[in-house]
Structures are given as C-alpha cells and as structure tokens.
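Protein chains in written order, with this note's numbering: chain A, 1 to 399; chain F, 400 to 723.
The beta-carbon is built from N, C-alpha and C at its ideal position, and this holds for glycine as well.
Bear in mind the structure is a predicted one, so any value in this text is a computation, not a measurement.
Notes follow once the structure below has been shown.
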C-alpha cells in the first residue's frame with residue numbers, strides 16, 4: 001500500500017435549486033474547481049470515482065455515464081459508488097483504494113446530486129416529492145409502504161437512544177448546536193444558507209417534522225457538486241510543490257454496514273446505537289494510529305442529517321460519552337473557542353446536503369481548515385441508509 | 400373504482416415553460432419517471448398470505464440456534480452458516496422494541512394519513528421487530544402513548560391486500576380483555592370514538608388576552624393579503640376553522656390564498672381547535688410557537704388527524720411573512 005494524499009478540492013455553490021445548471025454542468029464545475037486548486041490538468045488524472053446517491057433524482061439509471069466525457073475522462077476508468085447518505089464517503093474510500101493499491105497515481109472523486117427537480121404538483125413545492133424520492137430507498141417489502149422516510153428512520157434510532165438516555169439530547173442543546181452551525185456557515189462562501197440567521201430560540205421554537213426532529217435542526221435539500229483529487233505520495237509531493245499547497249494525507253479509513261433489521265440483541269441492529277459510526281471510527285483510528293480522538297483530532301466534519309443524530313454520532317466517534325453528548329455544549333467541547341471545531345462548513349444543516357457529494361464538501365472543508373489554521377488532524381464522516389445502517393470515517397493529516 | 404397504483408390526481412399535465420434567472424431563460428418541463436411492476440413476493444410470500452387470508456402472523460425459527468425472526472425475511476440463518484429455518488405461527492401481542500417516531504410532515508403518498516407513527520413490535524417469542532404502523536383509538540397520535548416496552552396488540556384491517564399496511568398496533572391498554580385475547584382482531588371491532596373535545600373554563604383574564612390575540616391575528620391576515628409567498632402557502636385550500644379558548648371563541652377562514660379572522664364562534668367549521676390560553680396564537684404570529692408543536696405537547700387540541708395538513712399550511716405563514 002502506498003501513501004495517499006488529497007491534493008485538490010473544489011465545490012460548487014450549494015443551492016436549494018440550480019435552475020441554471022443540470023447535474024452535468026454542476027459536475028463539470030466541481031471538477032474544474034478541484035483541478036485549478038491542485039494546479040493540474042484533467043489529462044493528469046488517471047481515473048474517476050463518482051458518488052451519486054439516487055438514480056431518481058438524476059432521472060437516469062446510470063447517471064454517471066454522461067459525466068465521463070463531459071469532465072474530460074473519456075477512454076479512462078470511471079466507477080460509480082452509491083451507498084445512501086454515505087455515498088460520498090464510500091466513493092472517497094474507493095478513490096483512496098485505487099491509489100493506495102498502486103493501480104493509479106491520480107484519481108478524481110466527484111460527488112454530485114440534483115434533488116429538487118423532483119416536484120410535488122399537489123403542494124406545488126419540491127419537498128414532499130424529494131422526501132418521497134428518498135423514501136424509495138426504504139425496505140421494499142416491509143417498511144416503505146408504512147410511510148418510511150429517512151427522517152422517521154433516523155428518528156427511530158434517536159428515540160431508542162433517548163429510551164436509554166432520557167436526560168441527554170435536551171432541546172436547548174440541539175437548538176444551540178443548530179445556531180452555532182448557522183454562524184459557522186457564514187464563513188463558507190458556498191453554503192446554501194449564507195446570509196441566513198438562525199438563533200437558538202428560532203431553532204428551539206421551529207416546528208417538528210418528525211418527532212423529535214425539528215425543522216431548523218434538520219439538513220436541507222441541496223443541488224451541487226464537489227470534487228477531490230487523490231494522488232500517490234510521489235505525485236502528491238511533486239504536484240503540491242508546484243501548486244504551493246501542502247498535501248493532506250489520508251491516514252485512516254473505516255466503513256461498516258449494519259443489519260437493516262432491528263432486534264433484541266447484536267445479531268441485528270441495536271436500535272439505540274449507531275454501531276456503523278462506532279465501528280468505522282475504530283477501524284479508521286486504528287489505521288491512523290489515533291489513540292485519543294478528543295486530544296488528537298481538532299477538526300470534525302460529521303454528517304449532520306439531524307442535529308440530535310450529530311450528537312449521538314459524536315458520541316459514537318469517541319469525542320464525548322454516550323448518554324452525555326449534551327456536554328458538547330455544556331462543557332464547551334464544540335462551542336466557539338472550544339477544543340473541537342465541529343462542522344466549520346455549517347454542516348449539512350446549513351452548508352447543504354447534495355447527497356452523493358455532501359461528504360466531498362465536508363472533506364473540502366476539513367482540508368481547508370487544516371491548511372488555513374495549520375492544524376494536524378481532521379475527521380470526515382458519512383452516514384446513510386435506513387436506521388443509520390451505513391457509516392464511514394476518514395482521518396486526514398497535515399504534516 | 401379500484402385504487403390506482405399511481406393516484407390519478409397526482410399526475411401533472413405534459414407541458415413546458417420558460418423560467419428566468421436574471422436575464423437568462425431556461426426551459427423547464429413537467430416530466431415523470433415511472434415503472435409498473437407485477438412483482439412476486441417470492442420467499443416472503445407466506446408472511447403476506449398469512450396476513451391477507453388467515454389473519455395470522457408468521458415468523459421463521461432457526462433449526463440450529465433457535466432465533467425467531469419476524470417478519471420471516473430469510474429462509475436460512477446467516478448466523479448459523481445458513482442453516483435452514485422453519486415457518487412458525489406467532490402470537491399477535493408483544494411489546495414495542497423502542498419508542499416509535501411520529502411523522503408530521505409526510506411525503507406526498509402519505510400526507511393524507513399524517514401524523515402517523517411507525518414502529519417495531521417484538522411479538523412474544525420473537526428476536527426481531529415487525530415494522531408496523533401504530534394507532535391510538537383516543538384521538539390524535541402524540542408522543543408518550545407508545546414507548547419502549549409498551550404492550551400492544553396487532554390488529555388486522557378489514558380489507559387486506561397482503562401488504563404491510565394490512566396490520567397495525569394499538570396499546571393493549573385501550574382494548575378490552577376479550578379483545579386482547581381474541582385472535583385476528585379487526586379494525587372494525589375497535590371503538591374509534593375516543594376523541595373527546597376538551598372542556599375549558601372561561602376567564603376574564605383570557606378574554607383580555609383574546610382581544611389582543613385577535614388584533615395580532617388580523618394584522619397577520621392583512622399581511623398575508625400583501626405577501627405573494629404567504630398567499631402561495633394557502634393557495635387552493637379552503638377551510639373554516641373554529642377556535643375555542645378560555646377567553647371565548649374565534650374563527651379563521653382560509654379561502655384560496657386568503658386568510659380571514661373573525662371574533663365569535665365559527666359556524667359550519669370543518670376544523671375545531673381548543674386551547675386554554677389564547678396567547679398561544681399571539682405566540683404563533685410572532686414565530687415563538689408552532690401550532691404543530693402545540694398539538695404535540697398537548698397545548699392545542701384538534702378534532703381530526705387529517706387536518707394536520709391545514710395546520711402545516713398555517714405554520715408556514717409567520718415564516719413566509721418574515722422572509723418576505
């Protein structure tokens with residue numbers, strides 16, 4: 001296995017609707033931005049991995065096929081990864097693997113999604129149809145016809161967590177986290193909710209969409225794209241020397257998919273836990289040599305589909321004890337000036353959630369923070385599928 | 400007429416039009432991605448046939464480790480090197496695996512039944528949870544009715560297609576002992592008349608509060624007239640809403656994009672809301688309270704589950720006006 005670094009990253013502006021671009025155009029924009037950042041040409045790229053979650057969003061069963069020529073990768077290898085909400089993180093793992101194995105030297109990892117073309121003609125809004133489109137991801141035999149949605153599925157996990165830890169996940173805390181992420185999004189020029197103000201009180205008073213999730217503590221639907229360039233050690237050092245950026249090394253990766261059926265013991269999904277987060281993080285930490293994530297990792301870009309899920313994820317990742325995740329705020333772990341910079345992009349709640357590429361945006365942000373603040377370690381996380389079944393964790397290092 | 404697999408009313412016209420962004424013009428078209436299926440339930444069939452034809456629930460028991468999986472989603476046991484399993488009939492009572500979520504904002508195919516709860520019942524003797532809708536016979540579904548370990552009974556729909564929605568769970572505490580004991584209990588055997596309008600005592604203090612509330616509500620109604628965004632929230636919707644408070648009654652009328660507020664009882668109301676304190680609606684106007692949340696926490700009573708659609712439309716107004 002050879003060492004792998006990220007040498008370039010680019011994202012499009014995140015929008016609730018991109019009238020001006022299709023997913024073809026968005027994909028191309030992100031690739032161009034990442035190549036400019038790396039200071040290389042597309043002819044320098046050996047292969048591409050696509051992260052695209054949902055065929056129905058793109059209205060095509062193999063939506064990546066159109067992108068190959070448009071991004072200048074005709075007659076080169078291209079592979080699509082689709083793993084629910086964790087599609088982006090899994091695509092990054094595939095891109096990493098292609099380079100680490102020695103198969104290729106430079107691999108682009110492009111995530112794109114165009115969600116809000118879906119439209120509900122009854123309400124004359126996109127949201128109900130977007131939710132329905134995601135709902136086609138649910139268990140086709142036993143759950144989808146019961147009204148399964150991504151929201152109620154994650155709510156199941158959080159309510160089960162609250163069964164075990166009734167004093168944690170206080171509404172005041174999740175509201176404050178929401179407000180912090182909103183503030184942080186104002187430093188992300190590509191954030192969907194740039195210019196918006198959401199206070200703790202506004203988040204606290206916002207209406208429930210699925211109990212216990214409130215509107216202003218839930219990720220937004222986004223159209224956009226993000227691209228990362230992975231390179232082998234020799235290539236990375238040579239390219240980064242020319243571009244004037246430090247390579248950001250990928251030192252740990254882990255991925256776990258749980259059982260999709262919940263049960264009374266560990267042979268099936270343990271509902272109060274997100275074991276996919278826990279186990280994927282443990283694998284990534286072992287690979288990266290991280291012994292104490294709270295002391296060794298400064299930047300976290302975790303997949304915040306819902307703020308209360310973000311809290312539990314932070315527990316499963318080892319930054320705070322399960323059952324005491326409110327300490328992220330009450331002990332100042334992630335408040336401004338605290339030891340952890342959590343979702344400096346604004347997260348999926350405020351920067352945006354273009355599913356197949358959201359984790360690329362998270363990685364773009366984590367790399368940006370490592371470079372600009374001269375920090376050592378960052379963590380990028382993705383979650384997805386029913387009852388938080390899929391989890392992927394990636395550790396980044398600036399040397 | 401038999402229900403269609405795609406509701407006819409959801410199908411849009413085949414048209415295209417121009418939308419502008421700045422000076423640039425873009426073509427937008429109504430399109431659809433649809434595929435019809437005639438799909439076998441294959442090895443999953445015994446479960447669905449059992450529900451449809453016999454009002455029975457089947458699971459599968461591993462012949463090696465004895466684990467019982469319900470629904471019987473695998474014919475072999477992946478934990479025992481794929482040892483065979485045998486079909487077993489399950490009891491129709493059990494406990495909630497965990498607290499089930501309640502969906503208030505559903506996707507387009509389920510908006511008519513929102514709010515609804517979807518949870519997992521561990522039937523007696525089972526090791527996995529059956530995904531199932533949960534219902535109360537006592538009115539609007541609110542948090543707290545179903546929790547982890549709440550004892551429940553599986554009830555069968557009168558008309559069944561062999562589909563997960565053919566069954567639902569109700570708390571056994573809402574049933575008679577005979578109903579709990581009965582095998583194959585059906586929905587028509589339940590008493591659904593449990594939703595009783597709460598009584599409230601009138602007070603002079605609340606009357607003062609109501610006067611202030613009505614002023615704020617009328618201001619909001621006037622702003623709606625001038626807001627394209629708020630009018631869009633109420634477009635195509637007509638409802639007469641009667642609101643009863645300790646300070647007296649008032650009414651709201653939604654009429655295709657417009658909102659009217661009137662003092663006194665609203666006659667021929669399709670929606671009835673009851674709350675002790677009229678300032679709830681002042682808080683709603685100022686965005687410090689959502690009507691949805693007020694119903695969830697029990698501050699506001701509503702007569703019909705299905706009218707959450709109206710509540711959502713109302714809840715959009717303060718935000719739309721703020722954004723405008």
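Min CB distance residue i to chain F below 7 Å
i: residue 159 (chain A); result: yes
i: residue 268 (chain A); result: yes
i: residue 132 (chain A); result: yes
i: residue 344 (chain A); result: no
i: residue 378 (chain A); result: no
i: residue 20 (chain A); result: yes
i: residue 263 (chain A); result: yes
i: residue 388 (chain A); result: no
i: residue 33 (chain A); result: no
i: residue 135 (chain A); result: yes
Residue-chain proximity (residue i, chain A), Cβ-Cβ < 7 Å
i: residue 532 (chain F); result: yes
i: residue 456 (chain F); result: no
i: residue 490 (chain F); result: no
i: residue 418 (chain F); result: yes
i: residue 519 (chain F); result: yes
i: residue 714 (chain F); result: yes
i: residue 695 (chain F); result: yes
i: residue 425 (chain F); result: yes
Chain-ordered neighbours of residue i on chain A, where CB pairs are closer than 7 Å
i: residue 688 (chain F); result: 205
i: residue 508 (chain F); result: 132
i: residue 515 (chain F); result: 147
i: residue 478 (chain F); result: 267
Beta-carbon gap between residue i and residue j smaller than 7 Å
i: residue 254 (chain A); j: residue 276 (chain A); result: no
i: residue 46 (chain A); j: residue 96 (chain A); result: no
i: residue 185 (chain A); j: residue 193 (chain A); result: yes
i: residue 496 (chain F); j: residue 521 (chain F); result: yes
i: residue 88 (chain A); j: residue 360 (chain A); result: yes
i: residue 541 (chain F); j: residue 701 (chain F); result: no
i: residue 312 (chain A); j: residue 208 (chain A); result: no
i: residue 289 (chain A); j: residue 395 (chain A); result: no
i: residue 318 (chain A); j: residue 224 (chain A); result: no
i: residue 517 (chain F); j: residue 370 (chain A); result: no
i: residue 152 (chain A); j: residue 500 (chain F); result: yes
i: residue 181 (chain A); j: residue 346 (chain A); result: yes
Buried or exposed (CB count within 10 angstroms, at least 16 for buried), residue i
i: residue 465 (chain F); result: exposed
i: residue 362 (chain A); result: buried
i: residue 159 (chain A); result: buried
i: residue 682 (chain F); result: buried
i: residue 136 (chain A); result: exposed
i: residue 420 (chain F); result: exposed
i: residue 148 (chain A); result: buried
i: residue 357 (chain A); result: buried
i: residue 655 (chain F); result: exposed
i: residue 235 (chain A); result: buried
Cβ shell of residue i (< 7 Å), same chain only, five flanking positions each side left out
i: residue 243 (chain A); result: 38 and 39
i: residue 567 (chain F); result: 531, 532, 533, 534 and 554
i: residue 486 (chain F); result: 445, 457, 459 and 471
Contacts around residue i, its chain only, beta-carbon distance under 6 Å, and the 5 residues preceding and following it disregarded
i: residue 599 (chain F); result: 645 and 675
i: residue 269 (chain A); result: 258, 259, 262 and 387
i: residue 381 (chain A); result: 302, 303 and 393
i: residue 323 (chain A); result: 165 and 168
Per-residue contacts from residue i into chain A (C-beta, under 8 Å)
i: residue 563 (chain F); result: 141, 142, 143, 145 and 146
i: residue 432 (chain F); result: 56 and 59
i: residue 542 (chain F); result: 211 and 212
i: residue 691 (chain F); result: 207 and 208
i: residue 527 (chain F); result: 261, 262, 263, 264 and 268
Listed by chain order, chain A residues near residue i by CB distance under 9 Å
i: residue 443 (chain F); result: 141 and 142
i: residue 709 (chain F); result: Residues of chain A passing the Cβ test: none, with the nearest at roughly 13 Å.
Same chain only: Cβ atoms within 8 Å of residue i, ignoring 5 sequence neighbours per side
i: residue 206 (chain A); result: 214, 215, 216 and 217
i: residue 699 (chain F); result: 672, 673, 674, 679, 690 and 693
i: residue 571 (chain F); result: 492, 550, 551, 552 and 579
i: residue 710 (chain F); result: 690, 691, 694 and 701
Contact set between residue i and chain F, taken where Cβ atoms lie within less than 7 Å
i: residue 120 (chain A); result: 507
i: residue 128 (chain A); result: 506, 507 and 510
i: residue 152 (chain A); result: 500, 502 and 517
i: residue 155 (chain A); result: 500
Interface partners of residue i on chain F, CB under 8 Å
i: residue 272 (chain A); result: 497
i: residue 163 (chain A); result: 497, 498, 546 and 547
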